[in-house]
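S.K.: Just so we're aligned: 457 in the working numbering is position 363 of the sequence shown, and the numbers increase by one with no gaps anywhere. By construction, the Cβ of each residue, glycine as well, lies at the ideal position given by its N, Cα and C atoms. All values reported here derive from a predicted model rather than from experimental measurement.
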Amino acid sequence: MAELQKEAKHHLNKTTNTIILDYLLWLASKTILEEAAQTDRGLAAGRPGDRSKGRRLVGLVDGLIMTFDLADRPKFRYGLLTRRIDLASLVILFVYRDARSRYITRRSSETRTGPGRREALRARTVRFLRDRGTSSVVDGRTLAGLQAIQVSDETRAQARSSFGVVVDERDSGRVSLQDALHRFFLVSASCYATQTPGPLWISIALEFCLFAALEGYLLADERGGDCVDACFSYGVLARRPDDDDEEEDDDRQVELDLLFSEAKGAEFANSWETGRRRTVDALRAREETRMDRHLLAVLQDHDFASFRDRVTTYLGAILESMADPELSKYPAVLDKSILRAPGMISIAHHETDVQVPPTTTTNTNGTRKRQKMTT
95 MAELQKEAKH
105 HLNKTTNTII
115 LDYLLWLASK
125 TILEEAAQTD
135 RGLAAGRPGD
145 RSKGRRLVGL
155 VDGLIMTFDL
165 ADRPKFRYGL
175 LTRRIDLASL
185 VILFVYRDAR
195 SRYITRRSSE
205 TRTGPGRREA
215 LRARTVRFLR
225 DRGTSSVVDG
235 RTLAGLQAIQ
245 VSDETRAQAR
255 SSFGVVVDER
265 DSGRVSLQDA
275 LHRFFLVSAS
285 CYATQTPGPL
295 WISIALEFCL
305 FAALEGYLLA
315 DERGGDCVDA
325 CFSYGVLARR
335 PDDDDEEEDD
345 DRQVELDLLF
355 SEAKGAEFAN
365 SWETGRRRTV
375 DALRAREETR
385 MDRHLLAVLQ
395 DHDFASFRDR
405 VTTYLGAILE
415 SMADPELSKY
425 PAVLDKSILR
435 APGMISIAHH
445 ETDVQVPPTT
455 TTNTNGTRKR
465 QKMTT
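1. Please name the residue in Leu119, Ile113 and Glu128 whose C-alpha comes closest to that of glycine 410.
2. Should valine 281 go down as buried or exposed, given a rule of 16 or more other Cβ atoms within 10 Å for buried?
3. How about glycine 359 and threonine 290: are their beta carbons less than 9 angstroms apart?
4. Quick one: Cα of arginine 346 to Cα of isoleucine 296, how far?
5. Taking the CB atoms as reference points, tell me whether isoleucine 298 and tyrosine 408 lie closer together than 9 angstroms.
6. The ligand HEM heavy atoms versus the CB of alanine 130: any closer than 8 angstroms?
7. Leucine 187: which of Ala253, Val405 and Val348 sits nearest, CA to CA?
8. Am I right that leucine 175 and leucine 308 are in contact with their C-beta atoms under 8 angstroms? What's the rounded C-beta distance?
9. Rounded to whole angstroms, what's the CA-CA distance from phenylalanine 354 to glutamate 367? Just pull it up for me.
10. Quick one: using the 10 Å Cβ neighbour count with 16 as the cut-off for buried, is valine 348 buried or exposed?
11. Considering only the alpha carbon of each residue, which of Asp418, Ala376, Arg387 and Pro419 lies closest to serine 246?
12. Among Gln252, Leu352 and Leu312, whose alpha-carbon lies nearest the alpha-carbon of alanine 283?
13. Is the beta carbon of alanine 306 sitting closer than 9 angstroms to the one on serine 255?
14. Inspect the beta-carbon positions of leucine 377 and leucine 389 and report whether they are closer than 9 angstroms.
15. So with Cβ pairs under 9 angstroms, would you call phenylalanine 188 a contact of chain D?
16. Can you tell me whether threonine 368 is helix, strand or coil according to DSSP?
17. Considering only residues of the same chain and omitting the five flanking positions on each side of leucine 304, which have a CB-CB separation below 6 angstroms?
18. With 16 other CB atoms within 10 Å as the buried threshold, where does arginine 370 fall?
19. Just to confirm the assignment: which complete alpha helix (DSSP H) runs, minimum length 4, are found wholly within the region 357-421?
20. So the alpha helix (DSSP H) glutamine 244 belongs to, where does it begin and stop?
21. Cα-Cα, which of Ala130, Val330, Ala122 and Arg177 is closest to arginine 470?
22. Considering only their Cβ atoms, is the gap separating leucine 275 from phenylalanine 476 smaller than 9 angstroms?
23. State yes or no: is the C-beta of aspartate 181 within less than 9 angstroms of the C-beta of leucine 118?
24. Going straight from the alpha carbon of arginine 277 to that of glutamate 356, what length do you get?
25. Please say whether leucine 312 and arginine 250 have beta carbons closer to each other than 9 angstroms?
26. If you run the structure through DSSP and keep just helix, strand and coil, what is threonine 290?
27. From aspartate 244 to aspartate 116, what distance separates their C-alpha atoms?
28. Please state whether DSSP places serine 270 in a helix, a strand or coil.
29. Do you know offhand how far serine 327's Cα is from phenylalanine 279's?
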């Protein structure tokens, strides 16, 4: 009996926590996007002391998401909650990235914006590339140029201006666009599970890849073409036939494969590949041109502020397309639970149901106290 009651309580607590997490993820995404839309250039980047509603939620929600990312076996893998986790993580990474970087010196290197957080977020991209057995998606000429040329201080300063970065954050563990890129494709894969992405999505996605690659090279000191490979590998190669890997993120990689599967149609596949090749070709510099100067010119040919607003609008549309949190279930779970563990033992407040008897425990001072099972 005691074991069944314990299992029933576990079921109830897990369900209650799921509802609370679902609500917090929805509320954080909605608040942050609304605040971003109300500010100039689509970025809610006030000082931490301003403490906007969105900023108050970021620490809590980002901590929950990080716990999910680092868990050996995340409990909530599928469905709406997983979509909310992906969307909330992407919203936080994309909207607040610049605000975090400006004031990162106030935080230790072990916080969610530090190297540990950055590496955790990039782990999925690394596995994504490795499982496909790909080492490069651009030709040797481009990679050679990326390896050979270092970025001058002048070029770096102009790149920071184009990206809206206030100070040089090379050693701060600054959250980058590449950190958000993988989440962008996960969110898109969920949204287009039964549909085919259109030209607008292709345009946003390729621009996201381009800005992430340029920022990685010009600001983050990511040399050797690794950043370019990671950013432009999506939709290039299918999984290896002999891939028997059963890693934690295997199901998410399959989900990404479906985004670019044959089921989406030849027109979408051709449009994506044509656009991808054209974007990668733009990274090639003539022999007499320094690679860093060429990439800076490519960056300045694109309006990052306009791109940022487009992505913010896109994320807002995704949030609107999702169902609102089922808050009506919350009081039902606490007050009128119909959840039943094996053995049909109910945790509820109805007289007809089996009631969980109160237990007594002993305090450290030897006195006895009455304790009820909480739900």
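M.R.: In terms of the structure at hand:
1. Taking only the C-alpha atoms, the option nearest glycine 410 is Glu128.
2. buried
3. yes
4. Looking at the two C-alpha atoms, the distance is approximately 20 angstroms.
5. yes
6. Judged by which ligands are present, the structure shown has none, so any question about the ligand HEM falls away.
7. Val405
8. Cβ-Cβ separation between leucine 175 and leucine 308: approximately 34 angstroms, too far for a contact (criterion under 8 angstroms).
9. Spanning the two alpha carbons is a distance of roughly 10 angstroms.
10. exposed
11. Distance check between serine 246 and each of Asp418, Ala376, Arg387 and Pro419 places Arg387 closest, using alpha-carbon atoms only.
12. Leu352
13. No, the pair does not count as a contact, with Cβ atoms beyond the cut-off.
14. Going by C-beta atoms, leucine 377 is nearer than 9 angstroms to leucine 389.
15. Within the model displayed, chain D is absent; a lone protein chain is all it includes.
16. helix
17. Thr373
18. Arginine 370 is buried by the Cβ-count criterion.
19. 360-375, 385-394 and 398-415
20. Note, glutamine 244: premise wrong, no alpha helix (DSSP H); not H, not E.
21. Residue 470 lies beyond the range of the chain shown here (95 to 469); nothing can be said about it.
22. It is not possible to answer for residue 476, since the shown part of the chain is limited to 95 through 469.
23. Before going on, a small fix: residue 181 reads as leucine here, not aspartate. Contact flag unset, no.
24. Spanning the two alpha carbons is a distance of roughly 22 angstroms.
25. yes
26. coil
27. Here the sequence assigns glutamine to residue 244, which means aspartate is not the residue at that position. Taking the straight line joining both Cα atoms gives about 45 angstroms.
28. coil
29. 12 angstroms
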